[in-house]
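These notes concern the structure reproduced below.
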Amino acid sequence: MFPKVLTTNNPSFVPMALSSSSSSLASTLPHDFNPQKLSFLSTLQTCKSIQGLKQIHASSIKTMPSPDTQLTISTRLSALCAQSLPIDPRYALPLLAQLRTPNLPLYNAIIRGLATSNNDSIEGLVVYKQMLSKGIVPDNYTIPFVLKACAESRAVREGEEVHGQAIKMGLASDVYVSNTLMRMYAVCDVIRSARKVFDSSPQRDLVSWTTMIQGYVKMGFAREGVGLFFEMCGENLQADGMTLVIVLSACARLGDLRLGRKLHRYVIRNSNVNLDVFVGNALVDMYLKCGDANFARKVFQEMPIKNVVSWNSMISGLAQKGEFKESLYMFRKMQRLGVKPDDVTLVAVLNSCANLGVLELGKWVHAYLDRNQIRADGFIGNALVDMYAKCGSIDQACWVFQAMNRKDVYSYTAMIVGLAMHGQGGKALDLFSEMPKMGIEPDEVTFVGVLTACSHVGLVEEGRKYFEDMSTIYNLRPQLEHYGCMVDLLGRAGLINEAEEFIRNMPIEPDAFVLGALLGACKIHGKVELGESVMKKIEKIEPRKDGAYVLMSNIYSSANRWRDSLKLRKAMKERNLEKTPGCSSIELDGVIHEFQKGDKSHPKTKEIYKLLDGSRAI
DNA sequence: TTAGGGTTAG
-2 MFPKVLTTNN
8 PSFVPMALSS
18 SSSSLASTLP
28 HDFNPQKLSF
38 LSTLQTCKSI
48 QGLKQIHASS
58 IKTMPSPDTQ
68 LTISTRLSAL
78 CAQSLPIDPR
88 YALPLLAQLR
98 TPNLPLYNAI
108 IRGLATSNND
118 SIEGLVVYKQ
128 MLSKGIVPDN
138 YTIPFVLKAC
148 AESRAVREGE
158 EVHGQAIKMG
168 LASDVYVSNT
178 LMRMYAVCDV
188 IRSARKVFDS
198 SPQRDLVSWT
208 TMIQGYVKMG
218 FAREGVGLFF
228 EMCGENLQAD
238 GMTLVIVLSA
248 CARLGDLRLG
258 RKLHRYVIRN
268 SNVNLDVFVG
278 NALVDMYLKC
288 GDANFARKVF
298 QEMPIKNVVS
308 WNSMISGLAQ
318 KGEFKESLYM
328 FRKMQRLGVK
338 PDDVTLVAVL
348 NSCANLGVLE
358 LGKWVHAYLD
368 RNQIRADGFI
378 GNALVDMYAK
388 CGSIDQACWV
398 FQAMNRKDVY
408 SYTAMIVGLA
418 MHGQGGKALD
428 LFSEMPKMGI
438 EPDEVTFVGV
448 LTACSHVGLV
458 EEGRKYFEDM
468 STIYNLRPQL
478 EHYGCMVDLL
488 GRAGLINEAE
498 EFIRNMPIEP
508 DAFVLGALLG
518 ACKIHGKVEL
528 GESVMKKIEK
538 IEPRKDGAYV
548 LMSNIYSSAN
558 RWRDSLKLRK
568 AMKERNLEKT
578 PGCSSIELDG
588 VIHEFQKGDK
598 SHPKTKEIYK
608 LLDGSRAI
């Protein structure tokens, strides 16, 4: 049942001190230390540091090899180890092998040390198993440590076994045990079991409620988490900052501003909640996700202490709201104040750069990564690929993508969509065919890229097949975007009737984008009457869709129906439907300047022209 | 010697 990763006689666990020469350690021994004297044991008793004891231990192995003396030393050492938590299991484990009598505190200390280590948590279970095999009975300290090890290593089956043992030993009613049980189940995504433990706990404290609430929120049941919070309030239990951070994050997920304001009032009124940097960050994040960027700014400005997460919440929150310029402005401010950005900051900044087309700042982030020896991998690598692709540097995007060690579905998708947008459909499809070999499953967005690639290259049959494969092979339900891509694919290829038929057979109502794709096909192939009927449908669904009016007016003018074209433009004006102007932005001296098509009003226009060498129109 | 916290891409 328990994985055999570690054994106490594993040579890798021989303590450093034991393999070192005793002469090099002699200088740090107590000055009156003489292992040959009878006072040796009393020296040992008065030695308070593990380091000193380790040295005595190492020295005594050579000078006093008597088993009894060794045992005395080991016992004393183990007691000290158990007192200084967490301990290095690599040193403490061999001691266990030397002890004649079982030592529960030392086992507890070792299991805790392993459970809290990043890579060795599963070994905590192995040591626990060894402990049981030696007939040592765990106590109310052991079980939480073992359960923590289970949670960290996602070992739910082992956790269930420990649960059973805790019940048998009468430890399951201990509030620490039940709380760690809940956490173990919640971390392992077994929310029902967590709830069962919660419901059956004879004693529930704030940690019990908070753990259960967090379990719900992490599993995506934010509403249930919030519900439990109010249930807790109903039992007259006062929440603290930790609880509020979790409930605020649930509220952010729900995007419920009313609830968010209610929670903010709770924070202000409740003396139990300390408005520290954690609660402040959670409030900023909540306000942004609930759509009140101004209040988020206010909370942010009033925070007496901010950390990098506070800045990240603002920068990424604004970017998620589509306020990319504001997001970059925040980043500039953060830099001016000398706050060091982290991965999260840079991902958000790259995202804003990608959406604004600000290549220069994007390049700066890339150079920053190089300067700080941060590998462009994972989240950062994906954001960099996306930024380069969206800013028109598809070759740079490919270069970053190729250099990445850890590629996932997001990396492939960013690259496929980028290539498709740049008219390199063939390369995009080649990359898609590479995904199964790399063991990476495509998702819905990958297929948007794949279908766009087919559409741009005119691969009708391939496009049809990929569309079919979505549901038959990959178990993905096509969304409106995919239907839009298919209509575009068929329409561009001149298969207008089939495109119409395709729309008629859609299992979901077509939106303005799907119909817009058909309208685009009418423009390419000069289908005026069909265009008119499609336009009528679009007007019904989205009466203010300016792009469709412009397209229809162009269909008229292409067919030399100038009067109709002008009539439509006039109707647009009457309805106050101005065509959304083309827009570009440029960074100059660290400031993002946005220009609309034909706009020469910006005071920096002349400078920009000079910068662009007059070769590109703004 | 024991349990619960925020920000991350198409």
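Numbering (my numbering) for the first sequence: -2 to 615. For every residue, glycine included, the Cβ atom is placed at its ideal position computed from N, Cα and C.
>> Just to confirm the assignment: which complete alpha helix (DSSP H) runs, minimum length 4, are found wholly within the stretch 140 to 223?
In response: 153 to 165, 172 to 184, 188 to 197 and 203 to 215
> Quick one: what's got a C-beta closer than 7 Å to V511's C-beta in the same chain, skipping five residues either side?
Replying inline: Within the first sequence, residue 511 is the residue found at index 514, counting from 1. Cβ neighbours of V511 beyond the five flanking positions: L477, Y480, G481, V484 and I500.
> Between L254 and C287, which are expected to be in contact by the criterion C-beta below 8 Å, what is the C-beta distance as a whole number of angstroms?
Replying inline: Taking the first residue of the first sequence as 1, we reach residue 254 at position 257. Taking the first residue of the first sequence as 1, we reach residue 287 at position 290. Going by Cβ atoms, the distance from L254 to C287 rounds to 4 Å, so yes, they are a contact pair.
> Hey, quick one: how far does the alpha helix (DSSP H) through A236 stretch, first residue to last?
Replying inline: Numbered from 1 along the first sequence, position 239 holds the residue referred to as residue 236. Taken as a continuous stretch (DSSP letters only), A236 belongs to no alpha helix (DSSP H), as it is neither H nor E.
>> Between R192, V270, A163 and Y553, which has its C-alpha nearest D237's C-alpha?
In response: On the first sequence, residue 237 is found 240 positions in, with the first residue counted as 1. Nearest C-alpha to D237: V270.
>> Please classify N105 as buried or exposed, where buried requires at least 16 other C-beta atoms within 10 Å of its C-beta.
In response: Translated into the one-based positions of the first sequence, residue 105 becomes position 108. Its Cβ being crowded by 16 or more others within 10 Å, N105 is buried.
>> Tell me the residue span of the alpha helix (DSSP H) that contains N105.
In response: Against the first sequence, residue 105 aligns to sequence position 108. Start and end: L101 to T113.
> What three-state label does DSSP hand D282 in the structure shown?
Replying inline: The residue labelled residue 282 in the question sits at position 285 within the first sequence. Of the three classes helix, strand and coil, the one that applies to D282 here is helix, per DSSP.
> From N472 to Y463, what distance separates their C-alpha atoms?
Replying inline: Looking up residue 472 in the first sequence gives position 475. Looking up residue 463 in the first sequence gives position 466. The alpha-carbon atoms of N472 and Y463 are separated by roughly 12 Å.
>> Between which two residues does the alpha helix (DSSP H) holding V445 run?
In response: Position 448 of the first sequence, counted from the first residue, corresponds to residue 445. Note, V445: alpha helix (DSSP H), E441 to V454.
> Which whole runs of the beta strand (DSSP E) in the stretch 362 to 423 are 3 residues long or more, in chain order?
Replying inline: none
> What's the C-alpha gap between S390 and F195?
Replying inline: Here residue 390 refers to the residue found at position 393 when the first sequence is read from its first residue. Here residue 195 refers to the residue found at position 198 when the first sequence is read from its first residue. Computed Cα separation, rounded: 54 Å.
>> Please classify S268 as buried or exposed, where buried requires at least 16 neighbouring CB atoms within 10 angstroms.
In response: Walking along the first sequence from the start, residue 268 turns up at place 271. S268 is exposed by the Cβ-count criterion.
> Exposed or buried, what is L335 when buried is set at 16 or more other beta-carbons lying within 10 Å of its beta-carbon?
Replying inline: As a working mapping, residue 335 is identified with position 338 in the first sequence. It is worth fixing the name first, because residue 335 is Gly in this sequence and not Leu. Counting Cβ neighbours within 10 Å, G335 comes out exposed, since fewer than 16 surround it.
>> Can you tell me whether R189 is buried or exposed? The criterion is at least 16 other CB atoms within 10 Å of its CB, across all chains shown.
In response: On the first sequence, position 192 is the one that residue 189 refers to. Label assigned to R189: exposed.
>> Within a Cβ cutoff of 7 Å, which residues of the same chain sit near V454, ignoring the five residues on either side of it in sequence?
In response: Along the first sequence, one-based indexing puts residue 454 at 457. G422 and G423, listed in sequence order.
> Taking DSSP as the reference, what is the three-state secondary structure of I265?
Replying inline: The count along the first sequence starts at 1 and reaches residue 265 at position 268. Three-state DSSP puts I265 in a helix.
> Helix, strand or coil for P507 per DSSP?
Replying inline: Within the first sequence, the letter at position 510 stands for residue 507. P507: coil per DSSP, three-state reduction.
> By DSSP, does R558 sit in helix, in strand, or in coil?
Replying inline: To locate residue 558, count along the first sequence from 1; it is residue 561. If DSSP states are grouped into helix, strand and coil, R558 belongs with coil.
> Candidates N116, I470 and R258: which alpha carbon is nearest S150's?
Replying inline: Here residue 150 refers to the residue found at position 153 of the first sequence. Nearest C-alpha to S150: N116.
>> If you reduce the DSSP assignment to three classes, tell me which class A490 lands in.
In response: Translated into the one-based positions of the first sequence, residue 490 becomes position 493. Three-state DSSP puts A490 in coil, outside helix and strand.
>> Can you list, in chain order, the residues of its chain with a C-beta nearer than 6 Å to that of D29? Leave out the 5 residues immediately preceding and following it.
In response: Here residue 29 is taken as the residue at index 32 of the first sequence, counted from 1. Here D29 scores only 45 on pLDDT, less than 50, and its place in the model should not be relied on; the value that follows carries that caveat. Around D29: no qualifying Cβ.
> Where do the N-terminal and C-terminal ends of the alpha helix (DSSP H) with E438 fall, by residue?
Replying inline: In the first sequence, counting from the first residue as 1, residue 438 sits at position 441. Looking at the DSSP string, E438 is not in any alpha helix (DSSP H), and its letter there is neither H nor E.
>> Can you check which of these residues, K215, G222, A89 and Q399, is closest to A431 by C-alpha distance?
In response: Translated into the one-based positions of the first sequence, residue 431 becomes position 434. The residue you asked about is not Ala; residue 431 is Glu in the sequence shown. Comparing Cα positions, the closest option is Q399.
>> Rounded to the nearest angstrom, what separates E299 and L426 at their Cα positions?
In response: Your numbering for residue 299 matches position 302 in the first sequence. Your numbering for residue 426 matches position 429 in the first sequence. So the alpha carbons of these two residues sit roughly 51 Å apart.
>> Helix, strand or coil, according to DSSP, for R291 in the structure here?
In response: For the purposes of this step, residue 291 is taken as the residue at position 294 of the first sequence. The displayed chain sequence assigns Asn, not Arg, to residue 291. In this structure, N291 counts as helix in the three-state DSSP scheme.
>> Can you give me the C-alpha to C-alpha distance between I377 and K404, rounded to a whole angstrom?
In response: Start at 1 with the first residue of the first sequence, and residue 377 comes out as number 380. Start at 1 with the first residue of the first sequence, and residue 404 comes out as number 407. Answer to the nearest angstrom: the Cα atoms are 11 Å apart.
>> Between which two residues does the alpha helix (DSSP H) holding N309 run?
In response: Here the question's residue 309 lines up with position 312 in the first sequence. Per DSSP, N309 belongs to the alpha helix (DSSP H) from V305 to Q317.
> For Y471, which of helix, strand or coil comes out of DSSP?
Replying inline: Sequence index remark: in the first sequence, residue 471 carries index 474 (1-based). Y471 falls in the coil class under three-state DSSP.
> What number of angstroms, rounded off, separates the C-alpha of P621 from the C-alpha of M209?
Replying inline: This structure leaves residue 621 out entirely; the chain is present only between -2 and 615.
> What do you get for M327, buried or exposed, if any count of 16 or more other CB atoms within 10 angstroms of its CB means buried?
Replying inline: For the purposes of this step, residue 327 is taken as the residue at position 330 of the first sequence. By the 10 Å Cβ count, M327 comes out buried.
>> Please classify N379 as buried or exposed, where buried requires at least 16 other C-beta atoms within 10 Å of its C-beta.
In response: As a working note, residue 379 is residue 382 in the first sequence. That one is buried.
>> Using CA atoms only, rank isn't needed, just tell me which of Q235, S310 and C230 is closest to D340.
In response: As a first step, residue 340 is located in the first sequence; it is residue number 343 there, counting from the start. For the residues Q235, S310 and C230, the minimum Cα distance to D340 belongs to S310.
> Since E120 is in the alpha helix (DSSP H), which residue starts that stretch and which ends it?
Replying inline: Within the first sequence, residue 120 is the residue found at index 123, counting from 1. Segment S118 to S130, the alpha helix (DSSP H) holding E120.
> So what's D485 in DSSP terms, helix, strand or just coil?
Replying inline: Indexing the first sequence from 1 puts residue 485 at position 488. Three-state result, D485: helix.
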